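Here is the structure we will look at.
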Amino acid sequence: MARAAIGSEIEKLIRLFSGLPGLGLRSARRVVLYLIKREEQLLRPLSRALEMVADSIKICSCCGNIDTTDPCCVCIDPKRDLSVICVVEDVSDLWALERARVMNSHYHVLGGVLSALDGISPHDLNIKRLIERACVPEVQEILLAVNSTVEGHTTAHYITDILGDCNVRVSRLAQGIPVGGELDYLDDGTLAAAINARTIF
Amino acid sequence: MEWKETGFILGVRPYGETSALLESWTRDHGRAMGLVRGGLSRRWKGILQPGNRIVLNWRGRFSEQLGVFIVEADHLYASELMNCPLALLALNVMNELVHIIPERDPHPRLFDSYEHLLNAMSKGYVWLADLVRFELKVLSELGFGIDLTSCVATGDVDNLVYVSPRSGRAVSRSAGLPYSDRLLPLPPFLLDDTLVTNDIPLLLQGFKLAGFFLDRHVYSFRKIAPSCMREILIKRLILL
Ligand SMILES: [Zn+2]
Numbered sequence: 002m003a004r005a006a007i008g009s010e011i012e013k014l015i016r017l018f019s020g021l022p023g024l025g026l027r028s029a030r031r032v033v034l035y036l037i038k039r040e041e042q043l044l045r046p047l048s049r050a051l052e053m054v055a056d057s058i059k060i061c062s063c064c065g066n067i068d069t070t071d072p073c074c075v076c077i078d079p080k081r082d083l084s085v086i087c088v089v090e091d092v093s094d095l096w097a098l099e100r101a102r103v104m105n106s107h108y109h110v111l112g113g114v115l116s117a118l119d120g121i122s123p124h125d126l127n128i129k130r131l132i133e134r135a136c137v138p139e140v141q142e143i144l145l146a147v148n149s150t151v152e153g154h155t156t157a158h159y160i161t162d163i164l165g166d167c168n169v170r171v172s173r174l175a176q177g178i179p180v181g182g183e184l185d186y187l188d189d190g191t192l193a194a195a196i197n198a199r200t201i202f
Numbered sequence: 005m006e007w008k009e010t011g012f013i014l015g016v017r018p019y020g021e022t023s024a025l026l027e028s029w030t031r032d033h034g035r036a037m038g039l040v041r042g043g044l045s046r047r048w049k050g051i052l053q054p055g056n057r058i059v060l061n062w063r064g065r066f067s068e069q070l071g072v073f074i075v076e077a078d079h080l081y082a083s084e085l086m087n088c089p090l091a092l093l094a095l096n097v098m099n100e101l102v103h104i105i106p107e108r109d110p111h112p113r114l115f116d117s118y119e120h121l122l123n124a125m126s127k128g129y130v131w132l133a134d135l136v137r138f139e140l141k142v143l144s145e146l147g148f149g150i151d152l153t154s155c156v157a158t159g160d161v162d163n164l165v166y167v168s169p170r171s172g173r174a175v176s177r178s179a180g181l182p183y184s185d186r187l188l189p190l191p192p193f194l195l196d197d198t199l200v201t202n203d204i205p206l207l208l209q210g211f212k213l214a215g216f217f218l219d220r221h222v223y224s225f226r227k228i229a230p231s232c233m234r235e236i237l238i239k240r241l242i243l244l
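These protein sequence lines are chains A and B, in that order.
Going left to right, the first sequence walks through residues 2 to 202 as my numbering numbers them.
Going left to right, the second sequence walks through residues 5 to 244 as my numbering numbers them.
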């Protein structure tokens, strides 16, 4: 029988870490060793933080954001523009827009996009709640900030149709050349989209 | 094992953190799966979109194994269709249908129809009748084709205006009239592939006909939910 150099609890922790995005077994071992060597500064605070988040995590019943309160901190923020709801596919998109500090609106997280091959239908997405929110009189614009993919656009067109009866303007993000993008470095898909969505200068 | 062919992208799923599992549709190799290393990167995302035509280099140890694709962009239909909701829905419907065909099973005639339809959609031609024809072709390639050559009751080849839901064969006007409420209307564009039409009631008849047999031979038979993309497309047509 092979001798175990690492105790089973630590081995379990390494395996858990190796399942995280960006980490393999090798880097998971390094992370665990790093944490163990910094018990008071890192390991214990991390363990407490994980437990606290696990105990208090909530999905906002209004917008679908992840937070520790329901409604989430975005939904109860009085400084935000009530007239615009920015619709995103995933919480990570909401976070990206917040990081960039470009939106002062409210959000709505769909939780995915319509997908033919994956069999994702409108019932699987957070669309019913969006319609309710769009019909509130203060709301004037629904900005569809979905990804520029076939599935994202299919979903955006569907939502545009569904919102036809609500008294709101539906807008979507522009597509094309990114800021700082040089033509000869762009992929063909972006170039084609930019050409197709060209505007009068 | 190795092959090279131009084909279409049906779908892409993440595989690990950086690679993509690509489902493609080719003329000679049918529906073919393979990995694209680094396929989730920003460089490939725009190219690896459903509907895009790409050059596929497949390599694997055995033909049954999940091989690796090296791909090159050829014609990027996806971005041309993105602003046309009806065409995007149609693309989803087509890809869903091709997805039910067994892997590595070539269907060159169906492939040609797919390519023809995508071309028509990207150029803004009248194409909805071709989508109905495509649905019926899928059924026929799977062995469940409907037979519109002559009337199942009388053998007549003229005045075919119904399809019998039981036999999937055409019925003439005179033979079908007494039972017309139990028969499916047969729009004329399904009897003549050269007929171009934008007549919504006739197109809806076509979708109803194809939908009936798709449901019987595919959805109900395989106990899978009917295509929601197809439902959305038909609802959109009704509102036109
Ligand atoms: Zn919220």
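Each residue gets a CB set at the ideal place from its N, CA and C atoms; glycine is no exception.
Computed from a predicted structure; not experimentally measured.
N- and C-terminal bounds of the alpha helix (DSSP H) containing residue i
i	result
A/K80	Counting along the chain, A/K80 falls outside any alpha helix (DSSP H), and DSSP gives it neither H nor E.
B/L218	I204 to L218
B/A124	P112 to K127
B/F138	L132 to E145
A/Y35	L26 to K38
A/E99	V92 to A101
A/R134	K129 to A135
B/R47	R46 to K49
Expected contact under 8 angstroms - CB spacing of residue i and residue j to nearest Å
i	j	result
A/V85	A/S106	4 angstroms
B/D219	B/P205	Incorrect: roughly 21 angstroms between the Cβ atoms, too far for contact.
B/V161	B/L188	Not confirmed; about 19 angstroms, so no contact.
B/T10	B/S45	The pair is not a contact, with the Cβ atoms about 22 angstroms apart (cut-off 8 angstroms).
B/A179	B/D151	With a Cβ gap of about 15 angstroms, B/A179 and B/D151 do not count as contacting.
B/D109	B/G34	4 angstroms
B/A82	B/G42	Actually they are not in contact, since the Cβ atoms of B/A82 and B/G42 sit about 19 angstroms apart, beyond 8 angstroms.
B/L14	B/H103	6 angstroms
A/L98	A/A146	7 angstroms
Counterpart residues of residue i in DSSP-defined beta bridges
i	result
A/A5	Answer is none; A/A5 lacks a bridge partner.
B/A36	B/S28
B/T10	B/V59
B/S176	B/L164
A/Y108	A/C87
A/Y159	Looking at the DSSP assignment, A/Y159 forms no beta bridge with any residue, so it has no partner.
B/E107	B/R35
A/V171	A/I143
B/S23	B/Y19
A/D68	A/K59
B/D151	B/R173
A/C116	In the sequence on display, residue 116 of chain A carries Ser and not Cys. In DSSP, A/S116 forms a bridge with A/I121.
B/L188	B/V167
Residues near residue i by beta carbon distance below 6 angstroms, same chain, minus five either side
i	result
B/V16	A24, L26 and L52
B/G64	M5 and G71
A/A29	I15, F18 and S19
B/S1	The question about residue 1 of chain B has no answer, for chain B in this structure spans 5 to 244.
B/L140	A214
A/Q176	S149, A194 and A198
B/N96	M233
B/N163	S176 and R177
B/S154	V161
B/L114	K141 and E145
Selected residue, minimal CA-CA separation from residue i, among the options
i	options	result
B/M98	B/D197, B/W29, B/R170 and B/S184	B/W29
B/Q209	B/S171, B/L132, B/R226 and B/K227	B/L132
B/D32	B/D162, B/R41, B/L181 and B/F12	B/F12
A/V140	A/P22, A/L95, A/D68 and A/D82	A/D82
A/L125	A/L131, A/R134 and A/G112	For clarity, residue 125 of chain A is Asp in the given sequence; the question names Leu instead. Checked all of A/L131, A/R134 and A/G112; the closest Cα to A/D125 is A/G112.
A/L174	A/D185, A/C167 and A/E142	A/E142
B/R137	B/P18, B/G180, B/P54 and B/D197	B/D197
A/E152	B/G180, B/A94 and B/K239	B/A94
B/D203	B/L244, B/D185 and B/I228	B/L244
B/L207	B/I238, B/L146, B/F66 and B/E119	B/I238
A/I160	A/P179, A/A135 and A/G181	A/A135
B/E68	B/E107, B/N56 and B/V75	B/E107
B/R57	A/D189, A/F202 and A/I196	A/D189
B/K212	B/E235, B/I228 and B/Y19	B/E235
B/E100	A/L187, A/D119 and A/F202	A/D119
A/I196	B/L80, B/F66, B/W7 and B/Y183	B/L80
A/Y186	B/W48, B/W62 and B/K8	B/W48
Limits of the beta strand (DSSP E) - the one that residue i falls within
i	result
B/I242	No beta strand (DSSP E) holds B/I242; the alpha helix (DSSP H) holding it covers C232 to L243.
B/A77	G71 to H79
Close beta carbons around residue i, own chain, < 8 angstroms, minus the five adjacent residues each side
i	result
B/M86	L92
B/L199	A133, P192 and F193
B/A124	V130, W131 and D134
A/I121	G113, V114 and L115
B/F217	L140, L143, F148, I150 and G172
B/L39	Y19, S23, A24, L25, L26, L70, G71, V72 and F73
Contacts around residue i, its chain only, beta-carbon distance under 7 angstroms, and the 5 residues preceding and following it disregarded
i	result
A/C64	C73, V75, C76, H107, Y108, H109 and V110
A/C61	D68, D71, P72, C73 and C76
A/L43	L36
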